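Participant: Position in the sequence shown counted from 1, then plus 14, gives you my numbering. Next up is a structure, given as structure tokens.
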Amino acid sequence: MTLKEADKILREAIIQFNRRNFDEAKAALSQVLDVDPTNPEANYYLGLIYAKNDNHKKAVIYLKSIVDMDVNFLFTQQCRMILGYIYYKNMEFKRAEREFLEVMKSNLNILQVNAALSAIYYKLGDKEKAIQFAEKAFERDPYNLNAKNSYGYLLCEYDLDVPKGLEMLREVVRVNPTNAAYIDSLGWAYYKKGDIKAAIASLKRALSMSNGNEEIKEHYDIVLGKK
């Protein structure tokens, strides 16, 4: 197979990927890499396919190869962000932190990076940095519900400004009343305020909507005095 033929197969593989025909795309991308092992697009899309299939070990191999190549600035930073999310999902928080900080150093001070770093520092128990990056994410887009939910939750969780956090979370749930995570945050805010009745009502609803999410159940058990 020539490089020209490989490029044609690559274009078809990307079409199959966008159609969510991942098995067909993977087979075609593997053919491309047999001819051109350092092709950044083929490595990128194979990494995405493995990430979608929760084969994180293989996803990391392909995505890291692109970072190591450093062929395109935005391409590299996109791969770093995906690697960060994979590491976070696997509870490798220090590795996740490193990837997102590298993106931040590249002057891509975008909402998603700030939000991810806030979540990482929350897991690492660094309250100061968790709230710092949550606030930055919220300031980037005050109308983004995820950013508003995270910032409001931490204001209550850390007892920094429970009334302000509670009002923010009420606004989030008013806009999207069917999101279990948002309702969980609101229930926890009521608990931090001392309104146990409202907390139980919200958390019970969130637990039902989430089919027994473990984190929501933990909040619910704490409020009921089971923990």
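Ideal placement from N, C-alpha and C gives every residue a C-beta, glycine not left out. Note that the structure is a prediction, hence the values are computed from the model and not measured.
Can you tell me where the alpha helix (DSSP H) with PRO54 in it begins and where it stops?
Facilitator: Its alpha helix (DSSP H) spans residues 54-66.
Participant: On a CA-only basis, which of ASN193, ALA220, LYS66 and PHE87 is nearest ASN121? Give me that one, please.
Facilitator: The candidate whose alpha carbon is nearest that of ASN121 is PHE87.
Participant: Measure how close the beta-carbons of LEU180 and ASP198 come, nearest whole angstrom, since I'm counting them as under 8 Å.
Facilitator: Incorrect: roughly 14 Å between the Cβ atoms, too far for contact.
Participant: With ILE80 as the anchor, note down where its alpha helix (DSSP H) starts and where it stops.
Facilitator: It spans 70-83 - the alpha helix (DSSP H) in which ILE80 sits, taken as one unbroken run.
Participant: Between LYS72 and the rest of its own chain, which residues show a CB-CB distance below 7 Å, the 5 nearest in sequence each way excluded?
Facilitator: Here the set comprises TYR64.
Participant: With a CB to CB cut of under 6 Å and the five nearest residues on each side skipped, what residues in its chain are close to TRP202?
Facilitator: Same-chain partners within the cutoff: HIS233.
Participant: Report the residue from GLY139, LEU138, TYR157 and ASN163 whose alpha carbon sits nearest the alpha carbon of ALA148.
Facilitator: The shortest C-alpha separation from ALA148 is found at ASN163.
Participant: Please name the residue in TYR101, TYR102 and ILE80 whose C-alpha comes closest to that of GLN260.
Facilitator: Because the chain here runs from 15 to 241, residue 260 falls outside it and cannot be looked at.
Participant: In terms of residues, what are the limits of the alpha helix (DSSP H) holding TYR234?
Facilitator: Note, TYR234: alpha helix (DSSP H), 228-237.
Participant: Can you list, in chain order, the residues of its chain with a C-beta nearer than 7 Å to that of SER224? Leave out the 5 residues immediately preceding and following it.
Facilitator: Within the same chain, SER224 has close Cβ partners ALA194 and ILE230.
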